[in-house]
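Since the structure comes first, as structure tokens, the remarks are kept for the end.
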Amino acid sequence: MDNPLIIALDFANGSETAKFLKPFEGQKLFVKIGMELFYQEGPSIVHQIKESGHQIFLDLKLHDIPNTVKSAMKGLARLQCDLVNVHASGGKDMMQAALEGLDAGTSAGSERPRCIAVTQLTSTSQEQMNNEQLIPVSLNESVLHYAGLTQEAGLDGVVCSAWEAGMIREKLGQSFLTVCPGIRMQDDQTQDQKRVATPEFARETGVSAIVVGRSITRADDPLKSYQKWIEVWKGVNE
Ligand code: C5P
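Residue numbers (this note's numbering): -14 to 223.
Shown next as structure tokens:
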């Protein structure tokens, strides 16, 4: 992955998505299709977006018993997305089953989608993790533990906040992907996100990819906003 900025297409349906993508015609984007859009439109939205030449992160965060995740991933592999994911808290067996499913569903000669695992959601605070999940360690320790487990299972990387990416890269190597949502410009609202970081910080800490949703999708001029984000993310003006 060439350090993409991944736009989270968090829209209610295909027509809203098409309206958003219209001004980007001719450009090759890296987009994320999440639960909201996929549950509404199903695989056809993936086919449509692939036809426009965009790369796709299918963000369905699978978390179930290993056998179910394996079968589901076998089906998802046939959609030929670039990136898919699971929750690391589903365990090592579940993550290995996800990979087996992806391998089984990838046709000969094609590349299997990369698979990453969510460590702790970027909307989770240390307090919530301690009190609600009853995980009695620091957030960093939990994220690092899940990242290690993910690597042991053979996955390609993790979803984490930019605050944890540096320590993950240091501990688990530079080629282990760190895909980071919860990215906001300095003056943006954080909304429901808790562990937010700026694109400059994300770049400096060496994250593999940033995921940006509402700051672009809800902007008055999404194309202009995207261009501004790309400049900051790539450090164009420095
Ligand atoms: O609008 P915003 O930039 O907060 O969007 C972030 C996107 O990244 C959302 O689509 C959300 O589902 C996703 N995400 C996240 N935290 C994770 C994993 C995915 O915010 N740990």
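Glycine is no exception: its CB is placed at the ideal position from the N, C-alpha and C atoms. Predicted model only: the values in this text are computed from it and were never measured.
Buried versus exposed, by CB contacts within 10 Å (16 or more), residue i
i: Gly(-5); result: This sequence places Asp at residue -5; Gly is not what is there. Classification of Asp(-5): buried, given that the 10 Å Cβ count is 16 or more.
i: Asn70; result: buried
i: Val143; result: buried
i: Lys187; result: Reading off the sequence, residue 187 comes out as Ala, not Lys. By the 10 Å Cβ count, Ala187 comes out buried.
i: Pro(-11); result: buried
i: Pro121; result: exposed
i: Asp88; result: exposed
i: Val197; result: buried
i: Ala132; result: buried
i: Glu189; result: exposed
i: Val221; result: exposed
CB contact flag (residue i, residue j, <8 Å)
i: Val31; j: Ile(-8); result: no
i: Leu61; j: Gly90; result: yes
i: Thr257; j: Arg199; result: This structure gives no information on residue 257, because the portion of the chain shown stretches from -14 to 223.
i: Leu68; j: Ile101; result: yes
i: Thr104; j: Lys179; result: no
i: Gly167; j: Thr107; result: yes
i: Phe23; j: Leu47; result: no
i: Glu149; j: Val128; result: yes
i: Gln225; j: Ser95; result: Nothing in the structure corresponds to residue 225, since the chain is present only between -14 and 223.
i: Cys165; j: Ala138; result: no
i: Gly27; j: Lys59; result: no
Cutoff 8 Å; reference residue i; Cβ partners in own chain excluding five residues on either side
i: Phe261; result: As shown, the chain starts at -14 and ends at 223. That puts residue 261 outside it, with no answer to give.
i: Ile50; result: Met79
i: Ser29; result: Gly(-1)
i: Lys77; result: Leu134, Glu137 and Ala138
i: Arg99; result: Met(-14), Asp67, Leu68, Val69, Asp141, Gly142 and Leu162
Heavy atom of ligand 1 within 7 Å of residue i beta-carbon
i: Ser200; result: yes
i: Gly76; result: no
i: Ala182; result: no
i: Lys17; result: yes
i: Asp141; result: no
i: Val196; result: yes
i: Thr107; result: yes
i: Asp(-5); result: yes
i: Pro166; result: yes
i: Gln178; result: yes
i: Asp44; result: yes
i: Val69; result: no
i: Val144; result: yes
i: Val103; result: yes
Min CB distance residue i to chain B below 8 Å
i: Ile195; result: Annotation note: the requested chain B is absent from the structure, which comprises a single protein chain.
Nonlocal neighbours in the same chain, by C-beta distance under 7 Å from residue i, ignoring five residues either side
i: Met(-14); result: Leu162, Ser193 and Ala194
i: Asp177; result: Ser108
i: Asn125; result: Glu149 and Met152
i: Ile41; result: Val16, Ile18, Val31, Ile34, Lys35, Cys66 and Asp67
Same chain only: Cβ atoms within 6 Å of residue i, ignoring 5 sequence neighbours per side
i: Pro8; result: Leu208
i: Ala82; result: Pro51, Val54 and Lys55
i: Val217; result: Pro184
i: Tyr211; result: Ile201
i: Ser63; result: It should be noted that the sequence gives Arg, not Ser, for residue 63. Around Arg63: Gly90.
Is the number of C-beta pairs between the segment 49 to 67 and the segment 113 to 132 that are closer than 8 Å three or more? no
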